[in-house]
Every structure is written in C-alpha cells, then in structure tokens.
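Residue numbers (this note's numbering): 264 to 359. Just so you know, even glycine gets a beta-carbon here, dropped at the ideal spot from N, CA and C. In this text the structure is predicted, and so the values were computed from the model without any measurement. Working notes, structure below.
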Amino acid sequence: PATVGIIKDNPIGNGVDAFRASFNTACSDKRIPYTPDAPGQLDLEDVQNLALDLLSALQSLRASRLLRPGGSGKNLFSDMMECQKYMAETVESGLH
C-alpha cells in the first residue's frame, strides 16, 4: 500500500538520535541500565519528558507529514502535534 511506500521512501535513519541520547542520559543519571525496561524504572517526570522528546523527533521526520493519521488531523504530524500539546499542558499543570 501507499503507507509502505511512504515509509520506504522516507526512512527514519538517524531521525530519533536526539531522543535516543535523551533516553540514555535519563538512564545514566538514575543509574538504570539502558534497556527497553528502563522507562518502568524512571520517575513520571522523566517518562513525560522522554515522551515529548520522542514526539518531537518523530515530528521532524518527513514521513510524519505524508502519512495519513489515525485521528482527526490531516496527517500524522498534526495528530502528533495535538498529542504533544496535550502532554505539555498536562506536565505544566502538574496533572499526571
């Protein structure tokens, strides 16, 4: 389908390196092994910040502006913007 073509033509490449570095730093700061299980060992604020970092990294990818969304936006990028906005408001208001 078209989705596969978009992803093949617009690979992630190094697009999430900044997120990977943030994740590694968060783990190092807490002396937690850098593994897929690490988020469960981080505090809520760290996980929220990492989620925002990941959304930012994904939004920077060209494919996010080309892929059709699962939500109400015109593309995946716009859906991620809504998600990021909600998460930022939640973090700023202290709601968890």
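Check	Outcome
Judging by CA-CA distance, which residue of Pro332, Arg325, Ala314 and Leu329 is the nearest neighbour of Val354?	Ala314
Which residues bound the alpha helix (DSSP H) around Tyr349?	Leu339 to Ser356
Alpha carbon to alpha carbon, how far is Pro274 from Asp309? Give it in angstroms, no decimals.	28 Å
Give the straight-line distance between the Cα atoms of Ser307 and Tyr349, rounded to the nearest whole angstrom.	It is Leu, not Ser, that sits at residue 307 in the sequence shown. Cα to Cα, Leu307 sits roughly 16 Å from Tyr349.
When the Cα atoms are used, what is the spatial distance from Ala320 to Ala281?	7 Å
By the three-class DSSP mapping on this structure, what secondary structure does Gly333 have?	coil
Relative to the alpha-carbon of Gly268, which residue among Arg325, Ser356 and Gln347 has its alpha-carbon at the smallest distance?	Arg325
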